Every structure is written in structure tokens, then in C-alpha cells.
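Quick mapping for you: the protein sequence lines, in order, are chains X and L. Those letters in the first sequence? Residues 11 to 263, per this note's numbering, in order. Those letters in the second sequence? Residues 11 to 263, per this note's numbering, in order.
Number of protein chains: 2
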Amino acid sequence: MSQTVDRALSILPLLAEGPADLGQVAERLGVHKSTALRLLRTLHEHGMVYRQSDQRYRLGARLIALAQEAMENLDIREIAHPHLVRLNESCGHTVHLAVYEDDEVLYIDKVESRYPVRMYSRIGKPVALTVAAVAKLLLADLPEAERRALAGTLEYPLYTARSTPDAPAFLEELARVREQGWAVDLGGHEESINCIAAPVRGADGRVVAAMSVSAPNVVVTAEELLTLLPQLRRTADAVSGEYSGRTTAKEPA
Amino acid sequence: MSQTVDRALSILPLLAEGPADLGQVAERLGVHKSTALRLLRTLHEHGMVYRQSDQRYRLGARLIALAQEAMENLDIREIAHPHLVRLNESCGHTVHLAVYEDDEVLYIDKVESRYPVRMYSRIGKPVALTVAAVAKLLLADLPEAERRALAGTLEYPLYTARSTPDAPAFLEELARVREQGWAVDLGGHEESINCIAAPVRGADGRVVAAMSVSAPNVVVTAEELLTLLPQLRRTADAVSGEYSGRTTAKEPA
DNA sequence: CGAGTCTGTTGCAGTGTGTGCAACGTCCAT
DNA sequence: ATGGACGTTGCACACACTGCAACAGACTCG
Chain X
11 MSQTVDRALS ILPLLAEGPA DLGQVAERLG VHKSTALRLL RTLHEHGMVY
61 RQSDQRYRLG ARLIALAQEA MENLDIREIA HPHLVRLNES CGHTVHLAVY
111 EDDEVLYIDK VESRYPVRMY SRIGKPVALT VAAVAKLLLA DLPEAERRAL
161 AGTLEYPLYT ARSTPDAPAF LEELARVREQ GWAVDLGGHE ESINCIAAPV
211 RGADGRVVAA MSVSAPNVVV TAEELLTLLP QLRRTADAVS GEYSGRTTAK
261 EPA
Chain L
11 MSQTVDRALS ILPLLAEGPA DLGQVAERLG VHKSTALRLL RTLHEHGMVY
61 RQSDQRYRLG ARLIALAQEA MENLDIREIA HPHLVRLNES CGHTVHLAVY
111 EDDEVLYIDK VESRYPVRMY SRIGKPVALT VAAVAKLLLA DLPEAERRAL
161 AGTLEYPLYT ARSTPDAPAF LEELARVREQ GWAVDLGGHE ESINCIAAPV
211 RGADGRVVAA MSVSAPNVVV TAEELLTLLP QLRRTADAVS GEYSGRTTAK
261 EPA
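Below is the structure:
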């Protein structure tokens, strides 16, 4: 791989933490100031970083524009979005859409809860693989070999007492999820937050995305949340149908 | 600037148009396939591009995550402050910056008038929603439903004879403000104080903040204050540009 | 079934490109 | 004035990047 590009790209996550000046960037990269300057200049010319009035650098607009374009190209998102909105209107809770990519599961869309108490999440943010309901669905659909290999390399942080403890337990959970066609996370990531998820499938039956409904204990109990499962599954199935071309969003009048 | 990084970054907008394979990337960059491969590999390691099942490359998830993080860290106050100062230096009056948060409008920055007679205000203090010029701008940008709901729950205290009397009048005023893109408060809060305001908009056009110039009657008449409107709007637009990353504060000479 | 042609990938040698250094300019505080 | 901190520039060296050519695998066609 390319050293120069590697260094340049390493600057971006660094700046994502907050603005930094030339010296800080150079130090954290472990290179000379002049080197850092040239990298930053190149990034600047491409609009990836932006120089604010105090001369410090922060991430630039082009990055945001590119990301927006990237998301627009995810057609699953486009199709699913109105369904997420409708689901949120009906139940009021936070609704997420997630996909699997390069050993990560990421939220690619989200409709905020209409309750004042909300869970924190961010579009684009990698999800806790071993506990999140959407992650279980997406990973459960991987080929057997890949699934076992991945389970072996993962870490199993004990966010709470109910977090998945180790690889065998995880593989067992994935098998159950695969079997039943939906998944839950009952306080496995944050003690007080529960989550149910259902798969969106492509024409070939492969799981292409997962959608979920999340709510804190203080708003609804786990049992109450589970009563939403049929509605969630119907919504996910509707998205699946549309994505695989079997049905359309609105029948032509 | 760096050739290697320049080439690597040029790949991103290219992929934003749609997925492309190695050959296409190499051709459009004007480099050998092997060169393009190494660049793509480096981008891939940083999650900036993703290799889909048909081996073609797409923009990657980390790009989305970075952009999202960047947007969270944007600090309007930091960006706007020097502009407020400059505006104050030019006109001498009190300049405010306000945001909408949880059914309240708050001043988050202020540059004091250079005239001896000043209006009283405090950073962090909630603003009188029904009369303040900045509040009108921020509320006028809310979704129709939310705006109507909020207007219904508000109280309409008659600070002065020119205060907004009730919900219908308020909604009408908001519609006008929304239409014209700026707002005034002529003695609606304190009999002797006038105020003009203009919106700061994010990349998506949503109003993220409002800035205002306030002055008591004894210093300038309402008509005189209104002559500052173009300058105020230009300043607000400059902040908008910077906030959404379209422009930079100062290009390095 | 094997020749042909597409892909993507790897090792290598030359050199052009990125590197660190040192010196300079500027700003600010003392 | 004087020192320090910071961004910037020019330069000589070396090394990281480049393009080439050869290889490997998938696929198509006769």
C-alpha cells in the first residue's frame, strides 16, 4: 500500500475528533511539519479538509458531499426510508436501517424517536457486532465458514451482564436468529435499552439489510416492545418485496 | 502538493458517480492498472472505498461515518464569532447569535454595543419566542406541523402594544418571515428597542442559527436600523457558507 | 475440451516524488 | 528589543511510487 496516501488518510479520523493545527497533526502522524503541511494542502485542494479562521484544520465540505452521494447510491436506503418513517409514525420509537460491509455493521439510516428519552446513535457509525440485533441478523446470513471465522476473530466485550460472552454463545445465537428470522437485543449493549430487528432480503433471499426498533426501558418494557414484532416484520417484508422488484411502492392508479 | 495523494483522492468523486472496476479507475486517472490497484488498496484499508461482490469498487462506509462525525463537531459559534465582531466593529450595535433547542431559542453568543445605552441580554438566556426577531426566523423553519403545534402551546404575553397577540397572528408572521428570509422586532419586547435578524443556514438549507443587530430608539431609529439589513444578511450568508464548508474563512495568500 | 481473452495480481528496476532539514517570515507575549 | 511559537519555503538526498512485463484465474467461444 502507499505510504503517502496512508498518512494522508490517517489525518481524516484525527480531524474528526476535533480541529487541530499543523503541529498537532504532524506530531500525531509522526512526521515532520513540512510533510504534514503538504499532505494537508493536498487534502485541502480536494476539499476534504477546511481551514478555519484560526488556521486550524477541520474536516471539509467535500467529504460531507461525497458521503451524501455515497448514501444516495445505496438504493436500499432510498426504498426503505419511507417505510422507516411510517413505522416511526405508528410506534414512535427510534427506527434504524443497517447493512454489513467489510466485517462491520453500520447504520445507514435512522428515524429519531418521538419520545424525549432517546438512545444515542449515529448514521455511519459501526455497530457493536456481538450484541446488536441488526448485527445478529446480518451476520447470521453469512456463509457458515465465514461466520465461524469472523466469530473467532471478534472480541466479546461485556457491555452488560446480558452481553454475548464468547464465540460459541454467539454462534448459537446466530443459529437461532437464522432459524427464527428475527433478532432481539435485550439490554445487551446498554442496560436500559431493548431492540428488535427484522431482515430485508433481496430477490435471491440473501439478507441485504436489517431494520430495527429500539426503545429504552423507561418508555416501554421489553414485552411491550416485542408486541411490535409483527408490524416490524411486515414492514421489513414490504421493503424486501420492493427491493427485489416483486412489488412497487404505490400501485399505478 | 502530493501527486500520490492527489491521485488517490481523485478516485473518490469518480466512484461517487457509481461503482467502477479497476480498469475504469486506472483509465480515468491516466495511470497504470497496478498503480490504481495500490491506491485503491490503500483507500480500502481506510474504509474509504468498498469492494462489492462483483469486485467493483464503491464509496465506503467510513466516509459516511467521518462526514457524520464532522457535522456533529461543527461549532457555529466558533465560526460565527469573528463575523459578529466584524459586524459590531462596522455598525457599533449589539450583535447576537441564537439557536433553537428543545422548544427554546437561546442566545449563544453576543458582542456588546459600543454605545453607552445598551439592551440587556445574557448568553444562554431563553429568548421571548413570540416577539424576538431571531426566534421568528428559527421557528419559521420548523416543519409545518411542529410549527403549528408549538404555536398552539405558547403563551402570548403582551410585553408592549406591538407584541404578537395570539397564535394566528404569530403563524402569519412566521409565514412572512419564512418568505422574505429575514425578520424584525420593532418594539415588540421592549418599547424602545428594535431588532433585525437574518438566518444562518447549513449545507442542507435548514436554518441552524440566527444572528441579529439590536439597538434602542435613542441611538438609531427603526428606519436607520433597517438600512443595516443588507450588511447583516451578507454577514449571515458568509457564516452559512463557512459553516456548510462551501467557503473558507481566509484563503492562504 | 483447449485456445483465446478478459480480468486482477505480483516482482522488479529506475527515477521521479516525497521526505526531513534548516533557514526564514510573522505574530504575539514578555 | 528579544525570545518563542507557529506556518512556510528551497533544497539535496534517498526511498517510495511508478510502469512494465509476466503470471494467475475466470469466462467464452469454436
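Glycine included, every Cβ here is placed at the ideal spot set by N, Cα and C. Source: prediction; values computed, not measured.
- Contact annotation: residue 170/L and residue 183/L have beta-carbon atoms that are not nearer than 8 Å.
- The DSSP-derived three-state label of residue 120/X is strand.
- Residue 46/L holds the alpha-carbon nearest to the alpha-carbon of residue 12/X among 46/L, 133/L, 119/L, 202/L.
- Residues of the stretch 73–86 of chain L with a C-beta atom less than 9 Å from some C-beta of chain X are 73, 74, 75, 76, 77, 78, 79, 80, 81, 82, 83, 84, 85, listed in chain order.
- The beta carbon of residue 62/X falls within 8 Å of a beta carbon belonging to chain L, placing the residue at that interface.
- Residues of chain L with a Cβ closer than 7 Å to the Cβ of residue 23/X are, in chain order, 76.
- Of all residues in the stretch 125–152 of chain X, only 132, 133, 134, 135, 136 place a beta-carbon less than 8 Å from a beta-carbon of chain L.
- Taking a contact to require three or more Cβ pairs closer than 8 Å, the stretch 148–164 of chain X and the stretch 117–126 of chain X do not qualify as touching.
- Per DSSP, residue 202/L lies in no alpha helix (DSSP H) and is assigned neither H nor E.
- Remark: three or more beta-carbon pairs, one from each stretch, lie closer than 8 Å, so the stretch 84–95 of chain X and the stretch 243–250 of chain X are flagged as touching.
- One alpha carbon belongs to residue 43/L, the other to residue 36/L, and they sit about 5 Å apart.
- Within the stretch 205–239 of chain X, no residue places its CB atom closer than 7 Å to a CB of chain L.
- Against chain L, a Cβ distance below 9 Å from residue 100/X picks out nothing, because the smallest value is about 16 Å.
- Three or more beta-carbon pairs separated by less than 8 Å are not found between the stretch 48–59 of chain L and the stretch 51–65 of chain X, which leaves the two stretches without contact.
- Nearest to residue 147/L by alpha-carbon distance, out of 38/L, 193/L, 84/L, 178/L, is 193/L.
- Counting only runs of 4 or more residues that sit fully inside the stretch 167–228 of chain L, the alpha helix (DSSP H) segments are 177–190, in chain order.
- The CB of residue 56/X comes closer than 7 Å to the CB of 19 in chain L, given here in chain order.
- In the three-state scheme derived from DSSP, where H, G and I count as helix and E and B as strand, residue 165/X is classed as coil.
- Annotation for residue 42/L: no alpha helix (DSSP H) segment contains it, and DSSP assigns it neither H nor E.
- Taking the Cα of residue 26/X as reference, the smallest distance to any Cα among 196/X, 70/X, 41/X, 39/X is reached at 70/X.
- Residue environment analysis places residue 233/L among the exposed positions, since fewer than 16 neighbouring C-beta atoms fall within 10 angstroms of its C-beta.
- Secondary structure note for residue 93/L: its alpha helix (DSSP H) is the uninterrupted segment 86–101.
- Residue 49/X is a Cβ neighbour of residue 17/X, given a cutoff of 8 Å.
- Out of 186/L, 197/L, 100/L, the CA that lies nearest to the CA of residue 172/L is found in 197/L.
- The residues 39, in chain order, have a CB closer than 7 Å to that of residue 20/X in the same chain once the five nearest residues on each side in sequence are set aside.
- Scanning 240/L, 224/L, 243/L for the CA closest to the CA of residue 124/L turns up 224/L.
- Judged by their CB atoms, residue 210/L and residue 221/L are nearer to each other than the 8 Å cut-off.
- For the C-beta of residue 71/L, the chain X residues within less than 9 Å are, from N- to C-terminus, 80, 109, 111, 112, 114, 116, 118, 134, 136.
- In terms of CA proximity to residue 136/L, 113/L leads the group 150/L, 113/L, 252/L, 34/L.
- Here the C-alpha atom of residue 181/X lies approximately 46 Å from the C-alpha atom of residue 31/X.
- Relative to residue 237/X, the option among 81/X, 101/X, 80/X, 87/X whose CA is nearest is 101/X.
- Between residue 162/X and residue 177/X, the alpha-carbon positions lie close to 6 Å from each other.
- Nearest in C-alpha terms to residue 191/L, of all of 179/L, 159/L, 77/L, 219/L, is 219/L.
- Contact note: residue 48/X reaches chain L through 11, 12, using a C-beta cutoff of 8 Å and chain order.
- With distances taken between CA atoms, residue 132/X lies nearest to 75/L out of 75/L, 141/L, 85/L.
- Close CB contacts of residue 239/X within its chain, under the 7 Å cut and outside five residues either way in sequence, are with 192, 206 (chain order).
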